Every structure is written in C-alpha cells, then in structure tokens.
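For reference, the structure discussed in these notes is given below.
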Amino acid sequence: MEYGFIEYEKDLENQELKSTQSVVQKAINWFRSHSMFVLAYGTGCGAIEMPPTFTSRYDIERLGVVGVATPRQADILIVSGYCSPKTLKRVIRSYEQMIEPKYVIALGSCTINGGMYWDSYNTIKQLDNYIPVDMFVNGCMPKPEALIEGFVSLQKNILDDTKEAGWQKYKNNYEYYFENQKKLFKKNITPSFQEDFLGVNG
Ligand code: SF4
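Heads up, this note's numbering is the position in the sequence shown plus 12, with the first residue counted as 1.
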C-alpha cells in the first residue's frame, strides 16, 4: 500500500511538472509570437509594400512586429520578391547569421514559382529550394493587408509549436539546401556560415 501511495505521489508530481512545462512553453510561444524582430532588408518590388505596413498607415507594431537593423538581432526575414543569384547569396548569409528560432516570410509570387520572371535566365524560381520558408504570401505585389495576414498566420504557427519550423528543417536537412545552393552558385559558392565563421564543416 505504501509503495502504491508513493507511486501515486510521484505520478502527481510528474503531472504537475508536465502541466507547468506546458504552461511555461505556452507563455514562451506567446511572447515569441508577439515580439517579432524583422530584418530591415528588401529584395524585389515587394519591398515597396513594407514601409506602409511598418509605419502609421497600417502600424503593424500593434501586433508586436518591429524592424531591426542587423541579422543578429532579427528573428524574421522577409524575402520581398524576386532574387538573382547574387542577391540570394546575401539572403542566405543573412539568414544563417540570425539566431534561432528564426522564421522566413516569402512575399510575392516570384518567391513561389518565379512569378512574372518564370522564364528569366537570371532569377531563381523557388525560394524554398535554397532556404526554408515558414509563410508564403502570394500576389503581385501583395498589399500590406496580405502581409499582415501572413504575420498573423505565422503567429498562429509559432503558438502551435507541434509543427516543424523552417529553422529546424534547415538544420535537419542542411545537405539538401546546401546541394541546391552549390548547383546554383557553382564555383562561386559562399562557404557556409558555420565553415566561414566558426571553423565547422557545414
Ligand atoms: S511578385 Fe510581383 S511585385 Fe513581387 S517581386 Fe515579383 S514582380 Fe515584383
């Protein structure tokens, strides 16, 4: 009986611990989803829609979204349109410098399937072949309302952390992304961030 009683007490403690962890995790996810630091960086014409989204006209700061100047402070990267290989290199390097957890919003049709540049020789067609994308916002060009909707959907995904986020995909499938990057850049491949700065083979 005594043994059973002790087991029961332990079970109770474990349950309390589990519920505490889940409350703590919920709180962390809520704070994370409502303090989104966006790298002030734009590619393509979609960048034109970002200033009204971030200033008084739409004031996205109401949702906890603010702009920051450097990748090391940022946790959201918006790729706001078409990318030439030259631009993509900078996008990848900026993404790799960001601290985890980090998320990518791909803004505009060009990032999904090439958009109006689908047969262009010098732009990429699918951004998520090179870095993981957490939220696509389609349109050409997507209006600030669409971008705000994208942020709200991303917030919901961050609150529900059961799905694999893009930064986890990048870590778990790094070879896949790096192979695609190598195919595109050929001998001009930039060494991975880990190799370059940390002396670790990526
Ligand atoms: S989707 Fe349209 S607006 Fe956006 S970068 Fe491409 S062409 Fe420009």
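For glycine and all other residues, C-beta sits at the position ideal for the given N, C-alpha and C. Everything numeric in this text was worked out from a predicted model, so none of it was measured.
Where residue i falls: helix, strand or coil (DSSP)
| i | result |
| --- | --- |
| Trp42 | helix |
| Tyr107 | helix |
| Tyr53 | coil |
| Phe163 | helix |
| Ala118 | strand |
| Met128 | helix |
| Met153 | coil |
| Asp140 | helix |
| Ala158 | helix |
| Tyr15 | Bear in mind that the predicted position of Tyr15 carries a pLDDT of just 43, short of 50, making it unreliable; the figure below should be weighed with that in mind. Helix. |
| Lys198 | helix |
Assumed close pair residue i, residue j - CB separation to whole angstroms, cut-off 8 Å
| i | j | result |
| --- | --- | --- |
| Tyr94 | Gly56 | 4 Å |
| Met62 | Ile90 | 7 Å |
| Gly2 | Asp146 | Residue 2 cannot be examined here, being either before or after the span of the chain that is shown, 13 to 214. |
| Asn141 | Asn192 | 5 Å |
| Phe43 | Val80 | 17 Å between Cβ atoms; not a contact. |
For residue i, the nearest candidate out of the options (CA to CA)
| i | options | result |
| --- | --- | --- |
| Leu139 | Thr123, Ser132 and Trp130 | Thr123 |
| Val77 | Arg69, Thr65 and Pro83 | Thr65 |
| Gln180 | Lys155, Val116 and Gly127 | Val116 |
| Ala86 | Ile60, Leu75 and Lys114 | Lys114 |
| Ile143 | Ile160, Met110, Tyr133 and Asp71 | Met110 |
| Phe190 | Gly151, Arg105 and Asp131 | Arg105 |
| Thr67 | Leu166, Lys195, Gln167 and Ile160 | Ile160 |
| Asn150 | Ile136, Ala118 and Asn169 | Ala118 |
| Thr82 | Ser132, Ala158 and Glu108 | Glu108 |
| Ser47 | Ile72, Val36 and Asp131 | Ile72 |
| Val103 | Tyr129, Asp131 and Ile136 | Ile136 |
| Lys198 | Pro97, Gln167 and Tyr70 | Pro97 |
| Leu196 | Gly127, Tyr182, Ala158 and Thr99 | Thr99 |
Residues that residue i bridges to, as DSSP identifies them
| i | result |
| --- | --- |
| Tyr48 | It should be pointed out that residue 48 corresponds to Met in this sequence rather than to Tyr. According to DSSP, which records beta bridges pairwise, Met48 is partnered with Val77. |
| Leu89 | Val116 |
| Val35 | Looking at the DSSP assignment, Val35 forms no beta bridge with any residue, so it has no partner. |
| Met147 | Ile117 |
Closer than 7 Å: residue i CB and nearest the ligand SF4 heavy atom
| i | result |
| --- | --- |
| Met153 | yes |
| Cys95 | no |
| Met128 | yes |
| Gly54 | no |
| Gly178 | no |
| Gly76 | no |
| Ser132 | no |
| Gly79 | no |
| Gly58 | yes |
| Gly120 | yes |
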